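In our numbering, the protein residues as written are 18 to 99.
Just so it is clear, CB atoms sit at the ideal spot from N, CA and C, and this is done for glycine as well.
Just so we're clear, the structure is a prediction, and the values are computed from it rather than from any experiment.
Written out below as structure tokens is the structure these notes cover.
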């Protein structure tokens, strides 16, 4: 087991590093590569992808994202995170 912060809600939680869901986050912007601060998308630069790391997502946020996807019939976008 390991302890870390959720990339979405920033709450600390315990997780198994081998099975936890992750998202690629650029530490310079704290957003996924290719995403702007306004929530729009642009092509990710190779540098942004190279410096990005996989950050864990907590079960609560995964549940909320799945619920959002089931309700709207589309995956959540960063700017519409529930």
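- The alpha carbon of residue 41 has as its nearest neighbour, out of 86, 35 and 65, the alpha carbon of 65.
- Rounded to the nearest whole angstrom, the CA to CA distance from residue 91 to residue 83 is 10 Å.
- Comparing C-alpha distances from residue 29 to each of 19, 69 and 88 shows the shortest one belongs to 19.
- Annotated as proximal: residue 68 and residue 43, with beta-carbon spacing under 8 Å.
- By the criterion of a C-beta distance shorter than 8 Å, residue 76 is surrounded in its chain by 30, once the five residues flanking it on both sides are discounted.
- Partner residues in a beta bridge of residue 62, as assigned by DSSP, do not exist.
- When the Cα atoms are used, residue 35 and residue 57 turn out to be separated by approximately 31 Å.
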